[in-house]
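One structure below.
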Amino acid sequence: MSRHVALLRGINVGGRNRLSMAALVDVFESLGYPVVDTLIQSGNVVFRAPPGEGDAAAGRVSREILGRHGFEPAVLVLAAPAFAAVVADNPFPADAGKALHVFFVSEPPSAADLPRLNRLASPTEQFVLGPKAFYLLAPDGIGRSRLAPAVESALGVPVTARNGNTVMALAGLLADG
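Numbering (our numbering), first residue to last: 1378 to 1554.
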């Protein structure tokens, strides 16, 4: 069994789709995926699964949450090497913390509208589209960004975002074992 990261989209946000970490761990373990750790309350799980089972695990976890809790979150699973590649491909300072936002893509965008994102970017924002993620440096905060809410539609593929602190913490959890 190898380590994977599951990124659940839209749980415990704004009082909607509430799911305790204990309940989330139970979902994974009931499906035969031992949980190594969870990180914060927003759906970040490091777990073990057979190599190559990431996509199947994502679907199984999403359906199990629907059956148990009445909502079906999008789940993106990356094997440890794929997650490490996203971290390594980050073009911005690793210590950018909350100013860095990594939008993990479900598949490589084939027709990304980068000119649209350029028009929406503030003078302080910078972004780069990598093979497995879209990286946004927003020093003035993501809450004020006009670009951030448009990323998914401009890329044309589903995304889930994490700030730089969360990405680095998940990388640390993966490296611990």
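Quick reminder that beta carbons are idealized off the backbone N, C-alpha and C, glycines included.
Please report the distance separating the alpha-carbon of residue i from that of residue j.
i	j	result
Ala-1552	Glu-1430	20 Å
Arg-1523	Leu-1477	15 Å
Val-1536	Lys-1475	18 Å
Val-1587	Ile-1417	In the structure as shown, the chain starts at 1378 and stops at 1554, and residue 1587 therefore has no counterpart that could be examined.
Leu-1396	Ala-1471	30 Å
Span of the alpha helix (DSSP H) holding residue i?
i	result
Arg-1445	1431-1446
Hey, quick one: how far does the beta strand (DSSP E) through residue i stretch, first residue to last?
i	result
Val-1544	Unbroken run through Val-1544 is the alpha helix (DSSP H), 1541-1552; no beta strand (DSSP E).
Asn-1421	1421-1426
Leu-1497	First-last for Leu-1497: 1491-1497, but that is the alpha helix (DSSP H), not the beta strand (DSSP E).
Leu-1619	Residue 1619 is absent from the structure shown; the chain starts at 1378 and stops at 1554.
Asp-1414	1412-1416
Phe-1481	1477-1482
State the DSSP-derived secondary structure class of residue i, mapped to helix, strand or coil.
i	result
Ser-1379	strand
Phe-1460	helix
Leu-1401	helix
Leu-1513	strand
Ala-1538	strand
Leu-1524	coil
Leu-1453	strand
Leu-1384	strand
Please state if the CB of residue j and the CB of residue i are separated by a distance shorter than 8 Å.
i	j	result
Val-1479	Arg-1539	yes
Val-1452	Val-1438	yes
Val-1482	Ala-1510	yes
Ser-1379	Ala-1456	yes
Phe-1469	Asn-1394	no
Thr-1501	Asp-1517	yes
Ala-1383	Ala-1461	no
Pro-1486	Gly-1533	yes
Leu-1401	Val-1422	yes
Tyr-1410	Ala-1435	no
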